[in-house]
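See below for the structure under consideration.
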Amino acid sequence: MDSLNTLREELGISWRIAALRLRGQMEYRSSFLMQIAGSFIINFSELLVLFALFNRFDNLGGWSLHEVIFLHGVSQITFSIADTLSNGIDTVPTLIREGEFDRVLIRPVSSYLQAMVSEVSLRHLGMLAQGVIIFVYALATIDIDWTAAKIILLVTAIVSGIALFTALFTVEAILSFWTVNSVEAINAFTYGGSDLAQYPLHIFARSIRWLFLWIVPIGFVVYYPALAILDKPDPLGLPGFASYLAPVMALVFCIVIGYGWQLGIRHYRSTGS
Amino acid sequence: MRVYLELGIRSFRQVLTYRGATLAGLFTNSIFGVILASIFLGFYASTGGADVRGWSQSQTLTLTWLNQSMLMVVYMWGWWEVARSIQTGSIAMDFLKPVNFVSYWLSRDLGRALAHLLVRGLPTFIIGNLLYDLLPPQSAANAIAFLPSVAFAVVVSFAFRFLLNITGFWVIDHRGINYVAMATLNLLSGFMIPLAFLPDPVLAIVNLLPFRAIIMIPGEIYLGQIPIWEGIGIQLFWSVAMLAASAWLLSLGERKVVVQGG
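Residue numbers (our numbering), protein chains in the order written: chain A, 1 to 273; chain B, 274 to 535.
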């Protein structure tokens with residue numbers, strides 16, 4: 001009971017910090033709006049590329065344009081929310097390098113939550129808005145047999161995906177407890193993973209599929225739920241319940257990453273003097 | 274001339290010192306190369322292996338890997354050193370140096386590009402060749418012409434980036450310009466898809482714009498998709514035109530410089 005109260009208290013404090021950061025950003029309104037428009041424009045250009053390709057080709061591995069757009073929508077909604085949640089975590093390597101992380105550790109609030117709200121930015125709102133728009137567009141153009149089970153599946157998949165990507169964004173912060181070099185290779189998994197999730201998984205080379213199913217289980221939170229929702233066959237031949245594994249896979253991944261964070265905190269030696 | 278050579282050599286060496294970043298970059302380029310190649314293989318599966326708009330599957334895959342290899346050489350994203358020097362005011366010190374301001378940055382960029390060609394471009398393309406059956410240059414002449422075409426691509430790319438940076442004299446926040454530039458290059462440079470895949474009316478306009486000269490023309494020359502002299506000619510035209518535009522815009526901006534502090 002005590003730990004539950006502590007958690008509630010910590011979440012309350014974190015929320016207040018987050019709200020303050022947001023109010024700070026709103027003071028620079030034009031810069032804020034520009035960032036939102038910017039991520040919108042860049043993602044929109046990628047969507048136009050997709051339209052251009054489907055103009056010249058019939059299908060992509062047996063998927064139609066609108067089915068691929070469905071994947072784009074789900075993946076963008078998931079990724080943009082996770083990216084927003086992880087802005088603060090992204091700054092941990094810098095905090096460590098500058099010796100500022102000590103400040104986080106001496107406060108009586110969970111280090112992870114503090115890092116998370118240390119920088120809250122809504123610049124991915126543009127991407128989220130766009131994700132919602134193209135998701136609605138996909139729904140309007142594809143004939144989906146909606147059932148209660150499918151709606152629950154979709155919501156669970158999105159929530160699992162947000163947890164998974166947030167954990168994935170934490171990996172760079174964890175590595176930075178050991179090395180002061182920035183570990184940019186991790187971008188291949190975060191941004192690469194979100195790019196990959198926008199396309200049907202079976203078109204990718206076996207090694208890539210394996211990587212994004214069994215090491216970073218992004219395939220289980222976007223592609224497999226989409227198969228069940230769109231009633232598409234699974235060319236990869238996993239058992240039917242693979243479509244419902246999103247929460248399990250995301251949970252296992254988060255537990256591993258959480259353990260890594262704990263190890264990192266214990267290993268941390270301040271760089272300051 | 275000697276000072277510009279020296280500047281180029283310095284930048285060349287600077288790139289070589291970041292070994293960790295180079296390895297990480299190679300890994301990232303390779304993952305994205307595989308992702309893009311897989312997407313094209315998926316699309317080509319729907320045509321039964323037929324050419325699309327004059328592009329065979331192997332040609333498109335080869336272009337994808339050439340582009341991934343060229344990405345750092347032409348430094349398409351996020352070069353704002355001049356804009357930052359305008360913001361901080363350190364540009365005033367650069368103006369005092371007894372060198373031509375555009376040549377100063379161009380020689381540094383050429384040195385950087387050569388280093389990136391060796392440590393990023395070449396290894397990325399080798400990885401692509403190990404993973405996929407990529408095409409060799411269409412002929413010995415195409416192979417030889419590829420190199421000057423890469424050099425021209427760097428010059429056009431530099432002039433484009435330099436022009437964007439110089440807007441810093443008038444626009445304080447360069448992020449908006451950055452976003453629009455990124456989206457434009459995504460669509461119209463041939464970096465993501467061969468431009469021939471675009472709708473015809475769009476293609477007609479794109480052929481009149483400089484973006485193709487930044488990354489796709491070297492690949493087209495390599496593959497024999499464009500006559501060598503036409504490709505080099507387009508690049509030569511844009512190199513001269515955009516460097517001239519850079520010098521002109523700079524002269525306008527210079528008059529605006531107000532330096533604070535003592």
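C-beta atoms are modelled at their ideal positions from N, C-alpha and C, and glycine is treated no differently.
Model, not experiment: these values are computed from the prediction.
Cross-strand partners of residue i (DSSP beta bridge)
i: Val325(B); result: Trp328(B)
i: Leu60(A); result: Trp63(A)
Chain-ordered chain A contacts of residue i [CB-CB under 8 Å]
i: Phe300(B); result: Ala185 and Ala188
i: Ala388(B); result: None at all; the shortest Cβ gap to chain A is about 18 Å.
i: Ile466(B); result: Val49, Ala52 and Leu53
i: Ala432(B); result: Simply none; closest approach about 22 Å.
Nearest-angstrom beta carbon gap, residue j and residue i [assumed within contact, 8 Å]
i: Phe165(A); j: Ile77(A); result: Incorrect: roughly 11 Å between the Cβ atoms, too far for contact.
i: Phe435(B); j: Ala486(B); result: Contact doesn't hold; Cβ gap of about 15 Å is too wide.
i: Leu168(A); j: Gly193(A); result: 7 Å
i: Val120(A); j: Ala52(A); result: 36 Å between Cβ atoms; not a contact.
i: Gly73(A); j: Ile203(A); result: The pair is not a contact, with the Cβ atoms about 18 Å apart (cut-off 8 Å).
i: Phe374(B); j: Leu523(B); result: 6 Å
i: Ala500(B); j: Val423(B); result: Here residue 500(B) is Pro; the residue named in the question, Ala, does not match the sequence. The Cβ separation is near 17 Å, so there is no contact.
i: Asn415(B); j: Gly497(B); result: 5 Å
i: His267(A); j: Ile142(A); result: Contact doesn't hold; Cβ gap of about 48 Å is too wide.
i: Ile174(A); j: Gly237(A); result: About 34 Å; that fails the 8 Å criterion.
i: Val109(A); j: Ser14(A); result: 7 Å
i: Phe253(A); j: Pro225(A); result: With a Cβ gap of about 16 Å, Phe253(A) and Pro225(A) do not count as contacting.
i: Phe433(B); j: Met366(B); result: That pair is no contact at about 25 Å.
i: Glu9(A); j: Pro93(A); result: Between Pro93(A) and Glu9(A) the Cβ distance is about 28 Å, and since that is not below 8 Å, they are no contact.
Residue interval of the alpha helix (DSSP H) (run including residue i)
i: Arg269(A); result: Arg269(A) -> no alpha helix (DSSP H), and no H or E assigned at all.
i: His389(B); result: Phe374 to His389
i: Leu309(B); result: Arg292 to Ala318
i: Leu11(A); result: Asp2 to Met26
i: Leu437(B); result: Ala413 to Ile439
i: Ile106(A); result: Phe101 to Ile106
i: Tyr112(A); result: Ser111 to Val117
i: Asp473(B); result: Asp473 to Val479
i: Glu276(A); result: Outside the modelled stretch of chain A, which goes from 1 to 273, sits residue 276(A), for which no answer is possible.
i: Leu460(B); result: Arg448 to Leu461
i: Met515(B); result: Ile501 to Glu527
i: Thr166(A); result: Ala148 to Leu175
i: Thr397(B); result: Leu395 to Leu404
i: Val347(B); result: Looking at the DSSP string, Val347(B) is not in any alpha helix (DSSP H), and its letter there is neither H nor E.
i: Asp195(A); result: Asn187 to Ala197
i: Ala486(B); result: Phe484 to Leu496
i: Thr141(A); result: Leu125 to Thr141
i: Gly219(A); result: Ile218 to Val221
i: Glu184(A); result: It is not in any alpha helix (DSSP H) - Glu184(A) carries neither H nor E in the DSSP assignment.
i: Val120(A); result: Careful: Val120(A) lies outside any alpha helix (DSSP H) and carries neither H nor E.
i: Asp367(B); result: Ile364 to Leu369
i: Ile203(A); result: It is not in any alpha helix (DSSP H) - Ile203(A) carries neither H nor E in the DSSP assignment.
i: Ser243(A); result: Here Ser243(A) belongs to no alpha helix (DSSP H), and DSSP marks it neither H nor E.
i: Thr91(A); result: First-last for Thr91(A): undefined, no H or E at that position.
i: Val355(B); result: Glu354 to Thr361
7 Å Cβ cut-off: residues of chain B touching residue i
i: Arg56(A); result: Val325, Arg326 and Phe470
i: Asp195(A); result: Ile308
Proximal residues of chain B, C-beta to C-beta of residue i below 9 Å
i: Ile203(A); result: Ser311, Ile312, Leu314, Gly315, Phe316 and Ala318
Interface partners of residue i on chain B, CB under 8 Å
i: Gly192(A); result: Thr301, Ile304, Phe305 and Ile308
Neighbouring residues, chain A, relative to residue i (Cβ below 9 Å)
i: Tyr452(B); result: Met34, Gln35, Ala37, Gly38, Ser39, Phe40, Ile41 and Ile42
i: Ala518(B); result: Per Cβ cutoff of 9 Å: no residues; Ala518(B) is ~24 Å from chain A at best.
7 Å Cβ cut-off: residues of chain A touching residue i
i: Ala294(B); result: Glu184
i: Ala414(B); result: By Cβ distance, chain A contributes nothing, its closest Cβ being about 30 Å from Ala414(B), past 7 Å.
i: Ala477(B); result: Chain A residues near Ala477(B): none, gap ~14 Å exceeds 7 Å.
Min CB distance residue i to chain E below 8 Å
i: Gln360(B); result: This model lacks chain E altogether, as its protein chains are A and B.
Exercise for the section: Report the residues of the region 14-48 of chain A with a CB closer than 9 Å to any CB of chain B, ordered along the chain. Expected result: So the list reads Ser30, Ser31, Met34, Gln35, Ala37, Gly38, Ser39, Phe40, Ile41, Ile42, Asn43, Phe44, Ser45, Glu46 and Leu48, given in the order they occur along the chain.
Problem - Residues within the region 55-83 of chain A neighbouring chain B, beta-carbon criterion of under 9 Å - result: Per Cβ criterion, the list reads Asn55, Arg56, Phe57, Asp58, Asn59, Leu60, Gly61, Gly62 and Trp63.
Exercise for the section: Give, in chain order, every residue of the region 85-118 of chain A whose Cβ lies closer than 8 Å to some Cβ of chain B. Expected result: Listed by position, the residues of the region 85-118 of chain A near chain B (Cβ gap below 8 Å) amount to none.
Problem - Residues of the region 198-232 of chain A with Cβ closer than 7 Å to any Cβ of chain B, in chain order - result: Along the region 198-232 of chain A, going in chain order, the ones with a CB nearer than 7 Å to a CB of chain B are Tyr199, Ile203, Phe204, Ala205 and Ile208.
Exercise for the section: Return the residues of the region 357-390 of chain B that lie within a Cβ-Cβ distance of less than 8 Å from chain A, sorted by chain order. Expected result: From the region 357-390 of chain B, no residue has a Cβ closer than 8 Å to chain A.
Practice task
Determine which residues of the region 434-464 of chain B have a Cβ less than 7 Å from any Cβ of chain A, and write them out in chain order.
Solution key: Under the 7 Å Cβ criterion, the region 434-464 of chain B contributes Asp446, Arg448, Gly449, Tyr452, Val453, Met455, Ala456, Asn459 and Leu460.
Problem - Contact set between the region 414-429 of chain B and chain A, restricted to residues whose Cβ is under 9 Å from the partner - result: Contact residues of the region 414-429 of chain B toward chain A are absent (C-beta to C-beta distance below 9 Å).
Handout entry: Members of the region 487-518 of chain B that neighbour chain A once the beta carbon cut-off is set at 7 Å
Key = Flagged: no residues at all.
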